[in-house]
Amino acid sequence: MNTLNQHTQPPLLELRNLSVSFQEKKQLAVDQVSFSIKPGRTLGLVGASGAGKSSIARVIMRLLEPDSGEIFFQGENILQMDSRQLTTTRQRMQLVFQEPSASLSPRRTVEQTLLEPLKHFAIGNTSSRQDKIRQILQTVGLDLDVLQRYPHQFSSGQQQRIAIARALVTNPDLLIADEAVSSLDVSIQAQILQLIQTLQKEHGITFLFISHDLGVIRQIADEVAIMYRGQLLEQAPADLFFSQPAHPYSKALLSFARGETPVHLTDNKWRLERGRTRTDKTSSCVFVQNCADKMPVCDRLEPVSYNIQHKNQHAPEPHCVRCHIYNEADTNET
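Residues 33 to 366 (the working numbering) are what the sequence shown spells out, left to right.
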């Protein structure tokens with residue numbers, strides 16, 4: 033796909049102020065998250081366990097209902113779709129889970145697994161479906177002799193290829209990969225990442241790639257979005273994020289990825305915290321307890337998102353950060 037066209041096209045997927053809570057709306061898992069992905073691009077969504085990444089994936093697929101917000105897919109709000117509209121849309125959005133052994137039915141052969149979504153969405157006839165699953169197996173690098181075998185007869189890497197094949201068989205425009213390589217060893221992980229990059233290059237598929245591993249994100253993402261305790265703290269083109277991270281949390285994550293002790297945390301101690309309860313949602317920054325760069329305003333006012341202007345750089349997408357450091361009025365407070 034032409035790069036210029038990618039940047040001038042409207043987003044394929046757009047989230048606006050999405051919020052999700054659990055336990056009778058007491059536990060705030062996702063807090064006013066907004067982002068978008070252009071067609072043919074990969075957004076790497078990064079954060080620790082409990083940051084809200086998987087909740088976002090499940091809401092996009094309508095496996096979970098949000099408290100508020102909007103989700104637009106190809107310009108249509110999927111949260112307002114009826115069951116028939118949603119079925120049509122789900123054919124164009126697919127989800128690949130972390131554990132392929134858990135997401136593949138042990139009672140179904142590979143052939144039955146790949147035929148199931150084609151039957152569910154009433155795609156093709158018996159002959160064309162057989163042609164389709166053989167084509168998809170070739171796409172993901174598997175031989176036809178796997179069709180009559182069961183998931184337990186394959187390695188974890190082969191199982192994930194089967195899971196990706198099942199996701200691809202409906203010709204989706206968007207593929208959500210939720211920690212799709214985190215359970216694989218390094219060599220198999222590299223093969224799956226190469227496969228995903230090939231799929232994007234040859235088929236123009238858009239990816240929301242969820243991971244806690246910045247090394248993986250660096251290999252595959254066009255843009256990076258960083259989550260912490262349910263909030264999106266930074267989003268930037270990947271090259272800018274890795275060369276000029278803005279948020280203190282992002283800087284700490286990159287220090288960890290390099291095997292260094294972060295200098296961006298209070299007392300160099302890491303206090304891993306999950307989402308907040310609604311009663312904990314106070315007028316302060318979610319990262320204030322860990323931040324060595326905090327200012328007085330951070331304890332009493334939750335920051336908004338600011339756009340960072342980079343001199344002599346023309347980034348295809350904005351660099352946004354949710355931090356008072358980038359607001360001159362806040363910085364000048366005493």
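The C-beta atom is built at its ideal place from N, Cα and C for all residues, glycine as well. It should be emphasised that the depicted structure is a prediction, and the values quoted were computed from it without experimental measurement.
Worksheet entry | Other residues of its chain near Cys323: CB distance less than 6 Å, five sequence neighbours each side excluded | Answer for Cys323: Pro280, listed in chain order.
Item to complete: Give me the Cβ distance between Leu264 and Val65, rounded to the nearest whole Å; I'm assuming they're in contact under 8 Å.
Response: So it is a contact: roughly 5 Å between Cβ atoms.
Worksheet item: Per the contact definition of three or more C-beta pairs closer than 8 Å, is the region 176-186 in contact with the region 203-211?
Response: no
Worksheet item: DSSP puts Ile224 in a beta bridge; with which residues?
Response: Looking at the DSSP assignment, Ile224 forms no beta bridge with any residue, so it has no partner.
Item to complete: Can you have a look at Leu285 and say buried or exposed, based on whether 16 or more other CB atoms are within 10 angstroms of its CB?
Response: buried
Item to complete: Determine the closest residue to Cys352 out of Phe288, Met327, Ser282, with distance taken between C-alpha atoms.
Response: Ser282
Worksheet item: Are Leu200 and Gln190 close, meaning C-beta to C-beta below 8 Å?
Response: Cβ distance not < 8 Å, so Leu200 and Gln190 don't count as in contact.
Item to complete: Go to Gly84, then tell me how far its beta strand (DSSP E) extends in each direction, as first and last residue.
Response: Neither: Gly84 is in no beta strand (DSSP E) and is coded neither H nor E.
Discussion item. Does Val256 come out as helix, strand or coil in the three-state DSSP assignment?
Written reply: strand
Worksheet entry | For Thr74, the three-state DSSP class (helix, strand or coil) | DSSP places Thr74 in strand when its eight states are reduced to three.
Discussion item. Measuring only the C-alpha atoms, how far is Leu272 from Arg73?
Written reply: 16 Å
Worksheet item: Roughly how many angstroms separate the alpha carbons of Ser53 and Leu77, rounded to a whole number?
Response: 19 Å
Practice prompt. Take Gln185 as the anchor and find which of Leu95, Ile196, Val218, Leu136 has the nearest alpha-carbon.
Written response: Of the candidates Leu95, Ile196, Val218, Leu136, the one whose C-alpha sits nearest the C-alpha of Gln185 is Leu136.
Practice prompt. Check the Cβ-Cβ distances between His244 and every residue of chain D, and say whether any is below 8 Å.
Written response: Of the protein chains in this structure there is only one, and it is not chain D.
Discussion item. Between Phe319, Gln229, Pro183, which has its C-alpha nearest Pro138's C-alpha?
Written reply: Pro183
Discussion item. On a Cα-Cα basis, can you pick out the residue from Ser188, Thr120, Gly101, Val172 that is closest to Asp217?
Written reply: Ser188
Practice prompt. Given a cut-off of 8 Å, decide if Glu255 and Leu60 are closer than it, judged by their beta-carbon atoms.
Written response: no
Worksheet entry | Alpha-carbon spacing of Arg202 relative to Asn49, whole angstroms | Note that residue 202 is Thr in the sequence shown, not Arg. Answer to the nearest angstrom: the Cα atoms are 29 Å apart.
Worksheet entry | Beta bridge counterpart(s) of Ser448 as assigned by DSSP | This structure gives no information on residue 448, because the portion of the chain shown stretches from 33 to 366.
Discussion item. Just to confirm before moving on: does the CB-CB distance between Tyr260 and Ala89 stay below 8 Å?
Written reply: no
Practice prompt. Would you mind reading off the limits of the alpha helix (DSSP H) that contains His152?
Written response: 142-152
Fill in: Met125 - partner residues in DSSP beta bridges
Leu206
Worksheet item: If you draw a straight line from the alpha carbon of Asp99 to that of Asn109, how long is it in whole angstroms?
Response: One C-alpha to the other measures close to 15 Å.
Worksheet item: Near Leu333, which residues of its chain fall below 6 Å by C-beta distance, leaving aside the five closest residues on each side in sequence?
Response: Ser315
Item to complete: Please say whether Glu211 and Gln130 have beta carbons closer to each other than 8 Å?
Response: yes
Discussion item. Distance check for Gln251 and Asp63, CA to CA, integer angstroms please.
Written reply: Computed Cα separation, rounded: 28 Å.
Item to complete: Tell me, please, which residues DSSP counts as bridged to Val353.
Response: Partner(s): Glu266, Tyr338.
Worksheet entry | Of the listed residues Gln112, Phe105, Gly107, nearest to Glu97 (C-alpha basis) | Out of Gln112, Phe105, Gly107, Gln112 has the C-alpha closest to the C-alpha of Glu97.
Worksheet item: Using the beta-carbon count (16 or more within 10 Å), is Leu36 buried or exposed?
Response: Caution is warranted here: a pLDDT of 43 is assigned to Leu36, below 50, making its placement in the model unreliable, and no coordinate value can be reported.
Worksheet item: When DSSP builds the beta bridges, which residues end up paired with Ser243?
Response: Val78
Discussion item. Between the alpha carbons of Ser219 and Ala278, how many angstroms are there, rounded?
Written reply: 32 Å
Discussion item. Tell me the DSSP secondary structure of Phe105 in three-state form.
Written reply: Strand, per DSSP.
Worksheet item: Whole-angstrom Cβ separation of Leu227 and Ile196, contact assumed at under 8 Å?
Response: 7 Å
Worksheet entry | Spatial distance of Gly291 from Gly247 (CA atoms) | 12 Å
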